[in-house]
Amino acid sequence: MAQNKDIQRLRNIGIMAHIDAGKTTTTERILYYTGKTHRIGEVDDGAATMDWMEQEKERGITITSAATTCFWKKHQINIIDTPGHVDFTIEVERSLRVLDGAVALFCAVGGVEPQSETVWLQADKYKVPRIAFINKMDRVGADFFAVIEEMNRKLTIKAVPVQIPDGSGTDFKGIIDLLEMKYRVYHTEDLGATFEDMAIPEGLKEAAASYREKLIEAVSEFDDRLTEKFLSDGKDPIEKEDIVRAVRTAVIKCRIVPVLAGSSLKNKGVHRLLDAVVDYLPSPLDLPPIKGLSPDGKKEIGRGPSLDEPTTAYCFKVATDSHSGKLCYCRVYSGTVTAGGYLLNPTSGIKERVGRILEMHSNKRADKQEASVGDIVAIIGFRKTTTGDTLCDPKKPVVLEHMIFPEPVIFVAIEPKSKADQDKLGESLNRLAEEDPTFKVRVNDETGQTIISGMGELHLDILIDRLLREFHVSANVGKPSVAYKETISVPVESEGKFIRQTGGKGQYGHVMIRMEPADNGTSFKFENRLKGNNIPREFIPSIEKGLRNAMSNGVIAGYPMTRIKAILLDGSHHDIDSTDLSFEVAASMAMQEGAKKAKPVVLEPIMEVEVICPEDYMGNVVGDLNTRRGKITGMVPRHNVQIIKAMIPLSEMFGYATTLRNLTQGRGAFTMQFSRYSPLPEEVSNKLFANTMYI
1039 MAQNKDIQRL RNIGIMAHID AGKTTTTERI LYYTGKTHRI GEVDDGAATM DWMEQEKERG
1099 ITITSAATTC FWKKHQINII DTPGHVDFTI EVERSLRVLD GAVALFCAVG GVEPQSETVW
1159 LQADKYKVPR IAFINKMDRV GADFFAVIEE MNRKLTIKAV PVQIPDGSGT DFKGIIDLLE
1219 MKYRVYHTED LGATFEDMAI PEGLKEAAAS YREKLIEAVS EFDDRLTEKF LSDGKDPIEK
1279 EDIVRAVRTA VIKCRIVPVL AGSSLKNKGV HRLLDAVVDY LPSPLDLPPI KGLSPDGKKE
1339 IGRGPSLDEP TTAYCFKVAT DSHSGKLCYC RVYSGTVTAG GYLLNPTSGI KERVGRILEM
1399 HSNKRADKQE ASVGDIVAII GFRKTTTGDT LCDPKKPVVL EHMIFPEPVI FVAIEPKSKA
1459 DQDKLGESLN RLAEEDPTFK VRVNDETGQT IISGMGELHL DILIDRLLRE FHVSANVGKP
1519 SVAYKETISV PVESEGKFIR QTGGKGQYGH VMIRMEPADN GTSFKFENRL KGNNIPREFI
1579 PSIEKGLRNA MSNGVIAGYP MTRIKAILLD GSHHDIDSTD LSFEVAASMA MQEGAKKAKP
1639 VVLEPIMEVE VICPEDYMGN VVGDLNTRRG KITGMVPRHN VQIIKAMIPL SEMFGYATTL
1699 RNLTQGRGAF TMQFSRYSPL PEEVSNKLFA NTMYI
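The sequence shown begins at 1039 in this note's numbering and counts up by one.
In structure tokens, the structure reads:
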């Protein structure tokens, strides 16, 4: 029972939000109030504990998710502070994959912003229970109840306040707790570390009673005892513990989202947020066992949060450390991981040695002898483990679900400045690609150039900066270019023959395939409809490999192909001359020939853009977006500004930040995130690729 009690007091949480909603500022207050740090580090001063990278300090943004551990009311809280910028959304994705709960921050002025919706959908994907904190109540234009209404509408959830604020902007004075029905004010002279609870002011009592009744009504269906008390018309008083129990049940079931208010920068409301983390978010014991498959993929296996279960851990992040080498961040789901022991990586089939186990506090670390159920630690010593791999007991293997990463949408060419930099560049790029699954490196076979791809201009800018500073590589970098793709638009049948006679043993491969456009979201699908034995079964994998290889170069401008279904129909073989290589080449030829006949088109990345500008400049801004082939999807007025939503090709958005500043005299702002790939209009395609057509 003691073992279960300890795990019951564990919380694994993430802080997630749109950029500049106050995630890192809130985390800094949490660390200060829990005694983890003795001073508050401010983001604007470049002194935030969790933003430890030089690039984070200079830009005042979070780039990489950072982990730490603190304690509150005898509960251990493992926190991951995640980035808000869309270019680093993979950091949020892989953090949510291993967390038990999350705190979603919303700006009291901005409300539900584009990245707020993105991270919410990511949390939905992994069924992560959430609580919400409406931050920046001290800012002019803050509106607590408008943000809740927007949350309910845009996120299709049931957001229920467990607190209400007294005032907003410069009039933000205190917070009313609807469970205890107390009014809390914070003392500013000691950075909000102390506060005073008092009776609710007379003018606010009616509103507080009304919202408390709405809260109880919303959560009573999740607790029979609370329902009975609610229906007793006050004969059986409802206590704080009754409401906490019902809210906790509803949160763990992902049925409601309790909402709190405050201002992290002004040190107001963070204590109650910590209370809510402990009271409402689940421990590992409150969640169902993690599900996985046997290494052959045929049997489903569950692992419960217990020390008695076989050891199961999940590597959700790989980081390069200048002192220790490769750090693998792991979440332990069951059993115990011991320093010096061995774990199996069932994906690679390799046994990995656990060299050192580290408890992380941002970029600082402390050695541990072991890690057990619920722990989030960094491990040194794994050689072949990458993001998304499972580590488990060699005698009881299990494979947990892999993560799916988005495709890069932008690329640049990069080359070393000197011969000495050449080897360093290749090694450094490989280490960065191992860290970040959304960062891709390839060599253009025709030009010999090294091409690096990422999720946006900022993403590549940060990685190139790290190459220069961290890895000390001098390189010439080209201008950012759009990562176009190619696809086919009509079904065709094609044939590929590879026959070579050289006097001795020759080569013979012959395949006939049908190519069809595949569904959006499907990169490549292979289907074998071969009848008879015209092609021996052992050559089928080589045919699929040849088809996949051919897709790396399209037939219009050499961009990778996607959204293609290839069906093997027929072919022939030679008893002596047929080899894996001959069928691989034949399949590649069939794919290239078929693509030329299937009315190929170029696909371009379309971005979801949200522009915020004063009403006076709206006409100019909309006019400019139209010239960028933009399609306006909506306009929403908010606090004397207009929010313009549009779908715009990425190729038209380079340099837009400067244009928007000029159009709005520096008062406009915008956010942009990838939406989908869409066919490039024919007139634009002809203009861009007239001199590079392969067909």
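By construction, the Cβ of each residue, glycine as well, lies at the ideal position given by its N, Cα and C atoms.
- Counting C-beta atoms within 10 angstroms of its own C-beta, Ile1537 has fewer than 16 neighbours from the protein chains shown and is therefore classed as exposed.
- Pairing Glu1690 with Arg1714 gives a Cβ-Cβ distance that is not under 8 Å.
- Straight-line spacing of the CA atoms in Pro1326 and Arg1168 works out to 16 Å.
- Annotation for His1056: Gly1122, Glu1151, Gln1153, Ser1154 place their beta carbon closer than 6 Å to its own, counting only its chain and skipping 5 residues before and after.
- About 27 Å separates the Cβ atoms of Val1257 and Arg1067, ruling out a contact at the 8 Å cut-off.
- In this structure, Ala1636 lies near Val1528, with their beta-carbon atoms less than 8 Å apart.
- Taking a cut-off of 8 Å for Cβ pairs, the segment 1310-1317 and the segment 1433-1443 do not touch, as fewer than three such pairs fall below it.
- Just measuring C-alpha positions, the residue of Pro1384, Asn1566, Lys1336 sitting nearest Thr1350 is Pro1384.
- For Tyr1070, the secondary structure class from DSSP, reduced to helix, strand or coil, is helix.
- In terms of CA proximity to Gln1680, Ala1707 leads the group Leu1498, Ala1707, Ile1686, Ile1526.
- Leaving aside the five residues that flank Ser1344 on each side, the residues in its chain whose CB is nearer than 7 Å to its CB run, in chain order, Ser1372, Val1411.
- Judged by DSSP secondary structure, Tyr1249 falls within the alpha helix (DSSP H) whose first and last residues are 1243-1257.
- The Cβ atoms of Ile1686 and Gly1668 lie closer than 8 Å to each other.
- In this structure, Thr1358 lies away from Arg1507, with their beta-carbon atoms at least 8 Å apart.
- In the three-state reduction of the DSSP assignment, Met1589 falls in the coil class.
- Per DSSP, the beta bridge partners of Asp1608 are Met1550.
- DSSP places Asp1459 in the uninterrupted alpha helix (DSSP H) bounded by 1457-1473.
- In this structure Gly1212 is in contact with Arg1222, their Cβ atoms being roughly 6 Å apart against a cut-off of 8 Å.
- His1440 and Thr1424 have their C-alpha atoms some 11 Å from each other.
- Collapsing the DSSP output to three states places Lys1364 in a strand.
- About 7 Å separates the CB atoms of Val1659 and Thr1702; that is less than 8 Å, so the two are in contact.
- Between Pro1643 and Arg1601, the gap from beta carbon to beta carbon reaches 8 Å or more.
- Residue pairing from DSSP places Trp1110 in a beta bridge opposite His1113.
- Residues of the same chain with a CB within less than 8 Å of the CB of Asp1204, apart from the 5 flanking positions on each side, are Phe1210, Lys1211, Gly1212, Ile1213, Ile1214, Tyr1221, Pro1239, Leu1242 in chain order.
- The residues Ala1588, Val1593, in chain order, have a CB closer than 7 Å to that of Gln1630 in the same chain once the five nearest residues on each side in sequence are set aside.
- For the 8 Å CB-CB criterion, Thr1064 and Ile1053 form a contact.
- Under DSSP, Asn1514 shares a beta bridge with Glu1453.
- Judged by pairs of C-beta atoms under 8 Å, the segment 1186-1204 touches the segment 1292-1301, as three or more such pairs exist.
- Of the residues assessed, Gln1407 falls on the exposed side of the cut-off, its CB having fewer than 16 other CB atoms within 10 angstroms.
- Per the Cβ contact rule, the segment 1134-1145 is not in contact with the segment 1266-1277 (fewer than 3 Cβ pairs under 8 Å).
- DSSP, reduced to helix, strand and coil, places Leu1217 outside both helices and strands of the structure shown, so it counts as coil.
- Taking each of His1113, Gly1534, Ile1670 in turn and checking the Cα distance to Asp1313, the smallest one comes out for His1113.
- Beyond the five residues adjoining it in sequence on each side, Ile1195 comes within less than 7 Å, by CB distance, of Met1189, Val1295 in the same chain, given in chain order.
- Just measuring C-alpha positions, the residue of Val1515, Arg1391, Met1398, Asp1459 sitting nearest Phe1449 is Val1515.
- Taking a C-beta distance under 8 Å as the contact criterion, Phe1562 and Met1645 do not qualify as a contact pair.
- Bridge pairing for Thr1358: Lys1364 [DSSP].
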